[in-house]
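Reading through the structure tokens given below for one structure.
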Amino acid sequence: MFEATPWVNGAYLPDHAALQTYRVMAPMAYAKIKNIIERNVTSGLIYLPSSARDLNNPQIDKYLAKYVRGSNGMDHVERIKILKLMWDAIGSEFGGRHELYEINYSGSPGRNPPAMPASGADLRQHGQDDGDG
1 MFEATPWVNG
11 AYLPDHAALQ
21 TYRVMAPMAY
31 AKIKNIIERN
41 VTSGLIYLPS
51 SARDLNNPQI
61 DKYLAKYVRG
71 SNGMDHVERI
81 KILKLMWDAI
91 GSEFGGRHEL
101 YEINYSGSPG
111 RNPPAMPASG
121 ADLRQHGQDD
131 GDG
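First residue of the sequence shown? That's 1 in UniProt numbering, and the numbers climb one at a time after it.
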């Protein structure tokens, strides 16, 4: 079981083994999550209004309310906000840079999986390996 360690000002330090796991899994997980969003949300990310000013234009807003409404009582404004955040995360320049960051943060993607045995040895050296694997 991974447990965080109390640190300063009420903050906690994550367990070292959990951080090492995240280090290897993050690039793969981010790409899969992005792909799931792209496949399931599809055109919802594309047909969004280009500006918040469109919501203030009664002629445009009535169409947005009709065609961009959410489900389970969510109105079009909330749905647009959520989809704009998703677009920023995966489709904008920021999203593209973030994807590159996730892929390359820990170094070359080809070097990360082979580095895991060394990380395991590091855990044992610091007494953080419970011997289960």
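Virtual Cβ for every residue (Gly too), placed ideally from N, Cα, C.
Remark: C-beta atoms of residue 54 and residue 64 approach each other more closely than 9 Å.
With a minimum length of 4 residues, the unbroken runs of alpha helix (DSSP H) contained wholly in the UniProt domain "HpaB/PvcC/4-BUDH C-terminal" (3-111) fall at 16-41, 53-56, 58-67, 76-90, 93-104.
The straight-line gap separating the alpha-carbon atoms of residue 58 and residue 82 is approximately 21 Å. Between residue 79 and residue 70 the beta-carbon gap is near 4 Å, inside 8 Å, which marks them as a contact. By the criterion of at least three beta-carbon pairs nearer than 8 Å, the segment 99-107 is in contact with the segment 23-34. Counting the other CB atoms within 10 Å of its CB gives residue 90 a total of 16 or more, which places it among the buried residues. The beta carbon of residue 30 lies closer than 6 Å to those of 102 in the same chain, with the five residues before and after it left out.
In this structure, the CA atom of residue 28 is about 16 Å from the CA atom of residue 97.
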